[in-house]
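J.:
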Amino acid sequence: MPVFLTRLSRLRELPVAVAFVTLVAITATLNPRFLLPQSVKDLLLNATIIAILAAGQAMVIISRNVDLSVGSILGLSGFATGTLFAVFPDIPIVLVFLAGISVGAALGAFNGILVVTAGVPSLVITLGSLYVFRGINNAWAGGTEHFSGDRPKEFSNLSVDTVFGLPIITLLAFTVIAAMAIYLAKFRSGRDFYAIGSDPEAARLFGIPVGKRVLTAFVINGALAGLAGVLYASRFSSVGARTGTGLELDVVAAVVVGGVAIFGGSGTVVGAAIGAFLLTTITSALTALRVDKFWQQAVVGALIISAIVIDRVSTLRNARRLRLDQARDSVPALEKGVTQ
Amino acid sequence: MTALSSEIGASKIWQRINLRDVAMLGVLLIVIVINSFARDNFASTTTVGYLLLDVIPIMMLALPMAFIIISAEIDLSVASIVGISAATIGALVLREENMVVAAVSGVGVGVLAGAFNGFLVAYLGLPSLAATIGTLALYRGLALVIIGDASVGSFPETWTSFVQGKLGATGIPTVTIAVLFFIALAVMLLHYSPFGRGLFALGHSQEAARFVGVKVQHAKFWLFVASGLVAGLVGLYWALRYGSARSDSAAGLELTVIAAVLLGGVSIFGGRGSIPGVVVAVLLVATITYGFRLQRISDVVLVIITGALLIASVTAPNYYQKIRERWRFISRAKDSPAS
Numbered sequence: 000m001p002v003f004l005t006r007l008s009r010l011r012e013l014p015v016a017v018a019f020v021t022l023v024a025i026t027a028t029l030n031p032r033f034l035l036p037q038s039v040k041d042l043l044l045n046a047t048i049i050a051i052l053a054a055g056q057a058m059v060i061i062s063r064n065v066d067l068s069v070g071s072i073l074g075l076s077g078f079a080t081g082t083l084f085a086v087f088p089d090i091p092i093v094l095v096f097l098a099g100i101s102v103g104a105a106l107g108a109f110n111g112i113l114v115v116t117a118g119v120p121s122l123v124i125t126l127g128s129l130y131v132f133r134g135i136n137n138a139w140a141g142g143t144e145h146f147s148g149d150r151p152k153e154f155s156n157l158s159v160d161t162v163f164g165l166p167i168i169t170l171l172a173f174t175v176i177a178a179m180a181i182y183l184a185k186f187r188s189g190r191d192f193y194a195i196g197s198d199p200e201a202a203r204l205f206g207i208p209v210g211k212r213v214l215t216a217f218v219i220n221g222a223l224a225g226l227a228g229v230l231y232a233s234r235f236s237s238v239g240a241r242t243g244t245g246l247e248l249d250v251v252a253a254v255v256v257g258g259v260a261i262f263g264g265s266g267t268v269v270g271a272a273i274g275a276f277l278l279t280t281i282t283s284a285l286t287a288l289r290v291d292k293f294w295q296q297a298v299v300g301a302l303i304i305s306a307i308v309i310d311r312v313s314t315l316r317n318a319r320r321l322r323l324d325q326a327r328d329s330v331p332a333l334e335k336g337v338t339q
Numbered sequence: 000m001t002a003l004s005s006e007i008g009a010s011k012i013w014q015r016i017n018l019r020d021v022a023m024l025g026v027l028l029i030v031i032v033i034n035s036f037a038r039d040n041f042a043s044t045t046t047v048g049y050l051l052l053d054v055i056p057i058m059m060l061a062l063p064m065a066f067i068i069i070s071a072e073i074d075l076s077v078a079s080i081v082g083i084s085a086a087t088i089g090a091l092v093l094r095e096e097n098m099v100v101a102a103v104s105g106v107g108v109g110v111l112a113g114a115f116n117g118f119l120v121a122y123l124g125l126p127s128l129a130a131t132i133g134t135l136a137l138y139r140g141l142a143l144v145i146i147g148d149a150s151v152g153s154f155p156e157t158w159t160s161f162v163q164g165k166l167g168a169t170g171i172p173t174v175t176i177a178v179l180f181f182i183a184l185a186v187m188l189l190h191y192s193p194f195g196r197g198l199f200a201l202g203h204s205q206e207a208a209r210f211v212g213v214k215v216q217h218a219k220f221w222l223f224v225a226s227g228l229v230a231g232l233v234g235l236y237w238a239l240r241y242g243s244a245r246s247d248s249a250a251g252l253e254l255t256v257i258a259a260v261l262l263g264g265v266s267i268f269g270g271r272g273s274i275p276g277v278v279v280a281v282l283l284v285a286t287i288t289y290g291f292r293l294q295r296i297s298d299v300v301l302v303i304i305t306g307a308l309l310i311a312s313v314t315a316p317n318y319y320q321k322i323r324e325r326w327r328f329i330s331r332a333k334d335s336p337a338s
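Residue numbers (numbering that gives the first Met the number 0), protein chains in the order written: chain A, 0 to 339; chain B, 0 to 338.
(1) Since E153 of chain A and I92 of chain A are thought to touch, with beta carbons under 8 Å apart, how far apart are those beta carbons, to the nearest angstrom?
(2) Is the Cβ-Cβ distance between I83 of chain B and A142 of chain B less than 8 Å?
(3) M179 of chain A: buried (16+ other C-beta within 10 angstroms of its C-beta) or exposed?
(4) So, T244 of chain A versus G74 of chain A, is the Cβ gap smaller than 8 Å?
(5) Please list, in chain order, the chain B residues whose beta carbon lies closer than 8 Å to that of Q56 of chain A.
(6) With 8 Å as the threshold, decide whether the Cβ of F293 of chain A is near any Cβ in chain B.
(7) Please identify the residue among B:S335, B:R325, B:E324 and B:R292 whose C-alpha is closest to the C-alpha of F41 of chain B.
(8) To the nearest angstrom, how far is it from the Cα of L44 of chain A to the Cα of A24 of chain A?
(9) State the DSSP-derived secondary structure class of F146 of chain A, mapped to helix, strand or coil.
(10) Take the Cβ of Q325 of chain A as the centre, count every other Cβ of all protein chains shown within 10 Å, and call the residue buried at 16 or more, exposed below.
(11) Whole-angstrom Cβ separation of L308 of chain B and V284 of chain B, contact assumed at under 8 Å?
(12) Run down chain A in chain order and give the residues with a C-beta less than 7 Å from the C-beta of Y318 of chain B.
(13) Just the C-alpha distance for Q339 of chain A and L323 of chain A, rounded to the nearest angstrom, thanks.
(14) Closer than 7 Å by C-beta to V108 of chain B: which residues in its own chain qualify, once you throw out the five before and the five after it? Chain order, please.
(15) Go through its chain and collect everything with a Cβ distance to I261 of chain A's Cβ below 7 Å, but skip five positions before and after it.
(16) Around the Cβ of W326 of chain B, are there at least 16 other Cβ atoms within 10 angstroms (buried) or fewer (exposed)?
(17) At the 8 Å Cβ level, is R319 of chain A part of the contact set with chain B, yes or no?
(18) Within 10 angstroms of its Cβ, does E12 of chain A collect 16 or more other Cβ (buried), or is it exposed?
(19) Closest by CA to V175 of chain A, which one among A:A54, A:T26 and A:G300?
(20) Please list, in chain order, the chain B residues whose beta carbon lies closer than 7 Å to that of G266 of chain A.
(21) Does the CB of L143 of chain B have a neighbour CB from chain A at under 8 Å?
(22) Can we say the segment 112-128 of chain B touches the segment 264-272 of chain A, given the rule of at least three CB pairs closer than 8 Å?
(23) Give me, in chain order, the residues of the same chain whose beta-carbon lies closer than 6 Å to that of G189 of chain A; leave out the 5 immediate sequence neighbours on both sides.
(24) 8 Å is my cut-off, CB to CB: does S273 of chain B come that close to chain A?
(25) Using only alpha-carbon positions, find the residue among B:T175, B:I310 and B:Q294 that is nearest to V402 of chain B.
(26) Using a Cβ-Cβ cutoff of less than 6 Å, which residues in the same chain neighbour G227 of chain B once the five nearest sequence positions on both sides are dropped?
(27) Does A177 of chain A have its Cβ less than 8 Å from a Cβ in chain B?
(28) For V39 of chain A, which residues in the same chain have their Cβ closer than 8 Å to its Cβ, ignoring the five residues on either side in sequence?
(29) Taking 8 Å as the CB-CB limit, is A46 of chain A close to chain B?
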């Protein structure tokens, strides 16, 4: 087998990418209207926010952590966006983006600092902050909701206007995901996240600033959840106390489906983003295929489980291959009479 | 002779008592006393009744969850199993099936759902954190398949009044007796049986547990089945208590349950925790929340308490430890003059 094919077959995001392409191909064959420009645009818009969250979450999970508070961070940032436009109708849009991202980054830093300094598992800390952030959102918003009528037309148009058929907020998401993919794949500090996820102790001994990297992952993830909150306010008509509730497990599911190992060390943000696209597209595909709407969520659940099973099988296969390779390498050594 | 053995028994019990659990119990008592003095309408039979009725689902789900987390696994699908059980019961009642048949089917579906989780985790070796996110979506989806968008509330009067009934004038709900039975069973199983001790070993190290003779796969499988069984029972309770079975019954409750278990001192890494601690934690959150609710602070704001308590309870010991170490280091540096 040519080298590039071998490499390709070992890509962890391959199964999810194949599944996504197959899904789109089958649906489009059976119902050509599935690929009309308007429906493609809707598909992209639906996936954009989850894809951004999944990219950030992937970085956190790769470093063997998890952030369950992203839904609450999105909620706070989204409500802040709505409030800013309601209070200062003439505020520049860029400033709103900066505000939302800063809110997210600050909340992410709160999580990260607690995880790093207290040495408590992030699952526990962020489960706590999920409730704290949501409670703050509830206290702040009460029954208030901000509707898109308060927001300038240019802001809402970010999720209406397209460039080359792609909505602007989707382009923004693609840029962010590409930047993160390059950072994690090509930069030395980016590779550190994988080392930490594979074995935090070994990474520490190797001289990697584990605490600093983990904190970075949480801040970036928080900032992205903040960005997602601003985009949510642009995409949807209202933001209130419950915005983003329950999103956290959808995001983790997308990341896992995208081939990121739940205990860290492997996977890519691109895979996670494709996972988000797959999970959001499947609902539209099932609708296009006229599958009973009551069955749709069950299919999504079955899909998540099969993705995990496939990943497990391929991990076992890889482990066996590595063992075989090792055994083969050690044969000449044995022949020379060298043990071990 | 008898005195001696009873002394040993006493010291054993003393050793078993966990300082953290005692502290939590103290906090709970203080909260109850403060609430009783500060709010006129707190110390009443109505309080006891509503507080307990609302706390029962979380209390029940927290028991098997404690077992599972102590064994270093997790079950995120419990609330969805409650949903699928309630949906099954609702759908059968809608078709005018016998209520007994409906109740047994609902609980049975819970057991099956738990067994499927157990199969995925114990026999396919999937990480439970990921696998039960999958079944969380799957079971919630199947609940929707079973009952659609219907909301069923036409349960037999005898069943609903039994579930909402009180023990005489005490205000204590009758079902509390069953819950106490489950708590006692959980304490016996986890703290006083070889099986339970095996779970602590399992939580520390799967390999070590295997070597000392714990049937790892077997144990994990049955833990998830137990979790499914309890969630099935809670599904029945949920339908009768709130008089409605819907596809989204108990949605999102999984994280509340896990938060309560962790607040009760169970380590997320497994290997550490106790049932009394979990029970006290569930009551603590419920009591604080109830007290503030009497002051007309909305429930959705009060989730801050759950979150803040959880964060404080896990970070405080570690920060305390760090500060003490730093202080010891400084005082040692003072004691030994620079040579």
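Ideal Cβ placement from N, Cα and C applies to all residues, glycine included.
The structure displayed is predicted, hence computed values, not measured ones.
T.: The short version:
(1) The residue labelled residue 153 of chain A in the question sits at position 154 within the first sequence. The residue labelled residue 92 of chain A in the question sits at position 93 within the first sequence. The pair is a contact, with the Cβ atoms about 6 Å apart (cut-off 8 Å).
(2) Position 84 of the second sequence, counted from the start, is the residue given in the question as residue 83 of chain B. Position 143 of the second sequence, counted from the start, is the residue given in the question as residue 142 of chain B. Yes; because the gap between Cβ atoms is below 8 Å, this pair is in contact.
(3) The sequence position of residue 179 of chain A within the first sequence is 180, counting from 1. Buried.
(4) Translated into positions along the first sequence, residue 244 of chain A becomes position 245. Translated into positions along the first sequence, residue 74 of chain A becomes position 75. In contact: T244 of chain A and G74 of chain A (Cβ atoms closer than 8 Å).
(5) Along the first sequence, one-based indexing puts residue 56 of chain A at 57. Ordered by position in chain B, no residue passes the 8 Å Cβ test against Q56 of chain A, which lies about 12 Å from the chain.
(6) In the first sequence, counting from the first residue as 1, residue 293 of chain A sits at position 294. Closer than 8 Å: yes.
(7) In the second sequence, counting from the first residue as 1, residue 41 of chain B sits at position 42. Out of B:S335, B:R325, B:E324 and B:R292, B:R292 has the C-alpha closest to the C-alpha of F41 of chain B.
(8) By 1-based counting over the first sequence, the position of residue 44 of chain A is 45. By 1-based counting over the first sequence, the position of residue 24 of chain A is 25. Computed Cα separation, rounded: 19 Å.
(9) Numbered from its first residue, the first sequence carries residue 146 of chain A at position 147. Note: F146 of chain A maps to strand in three-state DSSP.
(10) As a position in the first sequence, residue 325 of chain A is number 326, starting the count at 1. Burial call: exposed.
(11) For the purposes of this step, residue 308 of chain B is identified with residue 309 of the second sequence, where counting begins at 1. For the purposes of this step, residue 284 of chain B is identified with residue 285 of the second sequence, where counting begins at 1. With 8 Å as the limit, L308 of chain B and V284 of chain B qualify as a contact, their Cβ atoms being about 7 Å apart.
(12) As a working mapping, residue 318 of chain B is identified with position 319 in the second sequence. Those are A117, listed as they occur along chain A.
(13) Walking along the first sequence from the start, residue 339 of chain A turns up at place 340. Walking along the first sequence from the start, residue 323 of chain A turns up at place 324. Bear in mind that the predicted position of Q339 of chain A carries a pLDDT of just 42, short of 50, making it unreliable; the figure below should be weighed with that in mind. Distance between the alpha carbons of Q339 of chain A and L323 of chain A: 15 Å.
(14) Here residue 108 of chain B corresponds to residue number 109 of the second sequence, with the count starting at 1. I83, S84, T87 and G231.
(15) Working through the first sequence from its first residue, we reach residue 261 of chain A at position 262. Result list for I261 of chain A: I60 and V255, in chain order.
(16) What you label residue 326 of chain B is simply residue 327 of the second sequence in a count that begins at 1. Exposed, because fewer than 16 other Cβ atoms sit within 10 Å of the Cβ of W326 of chain B.
(17) For the purposes of this step, residue 319 of chain A is identified with residue 320 of the first sequence, where counting begins at 1. Closer than 8 Å: no.
(18) As a position in the first sequence, residue 12 of chain A is number 13, starting the count at 1. When all chains shown are included, E12 of chain A counts as buried.
(19) As a working mapping, residue 175 of chain A is identified with position 176 in the first sequence. Nearest C-alpha to V175 of chain A: A:A54.
(20) Here the question's residue 266 of chain A lines up with position 267 in the first sequence. Within chain B, no residue comes near G266 of chain A; the closest Cβ sits about 12 Å away, beyond 7 Å.
(21) To locate residue 143 of chain B, count along the second sequence from 1; it is residue 144. Cβ-Cβ to chain A under 8 Å: yes for L143 of chain B.
(22) no
(23) If you number the first sequence from 1, residue 189 of chain A lands on position 190. Here the set comprises Y182 and L183.
(24) The sequence position of residue 273 of chain B within the second sequence is 274, counting from 1. So, not an interface residue.
(25) Because chain B spans 0 through 338 in this model, residue 402 of chain B falls outside it and cannot be assessed.
(26) As a first step, residue 227 of chain B is located in the second sequence; it is residue number 228 there, counting from the start. Excluding positions up to five away in sequence, the list reads I80, G109, V110, A112 and G113.
(27) Mapped onto the first sequence, residue 177 of chain A falls at position 178. It does not: the Cβ of A177 of chain A has no partner Cβ on chain B nearer than 8 Å.
(28) The count along the first sequence starts at 1 and reaches residue 39 of chain A at position 40. Once the five neighbours on either side are set aside, the close Cβ partners of V39 of chain A are G164.
(29) Numbered from 1 along the first sequence, position 47 holds the residue referred to as residue 46 of chain A. Cβ-Cβ to chain B under 8 Å: no for A46 of chain A.
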